[in-house]
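This report refers to the structure that appears directly beneath it.
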Amino acid sequence: MNIIIFGPPGIGKGSVSGLLKDKYRVPHISTGNIFRESSDKRIRHYLEKGLLVPDEDVMRVVEKRLKEKDCQNGFILDGFPRTLEQAGFLEEKGVKISIVLNLLGDTDVIVARLSGRLICPKCGAIYHIRNIKPKKKGICDKCGTELVHRKDDQPDVVRNRIDVYRKQTKVLIEYYRKRNLLVDIQADGQLSDVVNNITAVIEDKV
Ligand SMILES: [Zn+2]
956 MNIIIFGPPG IGKGSVSGLL KDKYRVPHIS TGNIFRESSD KRIRHYLEKG
1006 LLVPDEDVMR VVEKRLKEKD CQNGFILDGF PRTLEQAGFL EEKGVKISIV
1056 LNLLGDTDVI VARLSGRLIC PKCGAIYHIR NIKPKKKGIC DKCGTELVHR
1106 KDDQPDVVRN RIDVYRKQTK VLIEYYRKRN LLVDIQADGQ LSDVVNNITA
1156 VIEDKV
């Protein structure tokens, strides 16, 4: 089961992927996470400058990851491909894609969700001013650290990130739609509903 997942920042791709990963026993491969954990000098350089990592470096890292043992039964690719060249690269390498999930959501809903988000700078736990309140205001339940807003979660920044995402992925969405692999999933509702819809689509299609 080789899945690609698309969705604007803040739609909950991470949570959705986490549940699918458990259900189908395939790894969730997020290029964001691979990069953050990478000690590769070139990758570090781009990240520290806040620049997009060039195609050739991304492809090198992804190719290596897909060859690891846990990918034998499939994977969930998140954050890749990001360009047509990268999509072509997967084809070239003979990586067969079973389904491409296109998570859709309203910009205002995402902005509201993200701008209320609080994160623990120490353990990474995520809270929300309205939806997932910590027991003690402003303090992490798990480790007692003071919670912070991420700069990335400010409304203007979120809107901008969503715009950039939509512009960047437009051609990829078309690419996979033409190949009859793309499935649109309304994803700004309850996580459990979203995952149930996806599961139904996967079982129907794959
Ligand atoms: Zn914490």
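All residue numbers for the sequence shown refer to my numbering, where the first residue is 956 and numbers rise by one.
Backbone N, C-alpha and C define an ideal beta-carbon position, used for all residues, glycine too.
These numbers were taken from a predicted model, which means no experiment stands behind them.
Residue i, enclosing beta strand (DSSP E) - first and last residue
i: His983; result: 983-985
i: Ile960; result: 957-961
i: Ser1081; result: Contrary to the premise, residue 1081 reads as Ile rather than Ser in this sequence. Unbroken beta strand (DSSP E) run through Ile1081: 1081-1083.
Pair within 9 Å by beta-carbon distance, residue i and residue j
i: Gly987; j: Asp1033; result: yes
i: Val1017; j: Gln1041; result: yes
i: Thr1038; j: Gln1123; result: yes
i: Leu1021; j: Ile984; result: yes
i: Leu1056; j: Val1156; result: yes
i: Ile959; j: Tyr1131; result: yes
i: Val971; j: Val1150; result: yes
i: Arg997; j: Asp1010; result: no
i: Ile1065; j: Pro963; result: yes
i: Ile1128; j: Ile1140; result: no
Residue i (DSSP reduced to helix, strand or coil)
i: Gln1145; result: coil
i: His1000; result: helix
i: Val1113; result: helix
i: Asp1061; result: coil
i: Asp995; result: coil
i: Val1103; result: strand
i: Val1150; result: helix
Range of the contiguous alpha helix (DSSP H) that encloses residue i
i: Asp1033; result: First-last for Asp1033: 1030-1033, but that is the beta strand (DSSP E), not the alpha helix (DSSP H).
i: Leu1073; result: First-last for Leu1073: 1072-1074, but that is the beta strand (DSSP E), not the alpha helix (DSSP H).
i: Val1013; result: 1010-1021
i: Ser1053; result: Premise fails: Ser1053 is in no alpha helix (DSSP H) and is neither H nor E.
i: Gly1005; result: Taken as a continuous stretch (DSSP letters only), Gly1005 belongs to no alpha helix (DSSP H), as it is neither H nor E.
i: Gly973; result: 968-979
Report task. Anything with a beta carbon under 6 Å from a heavy atom of ligand 1 counts; list them all in chain order. Result -> In chain order, the hits are Cys1075, Lys1077, Cys1078, Ala1080, Cys1095, Lys1097, Cys1098, Thr1100.
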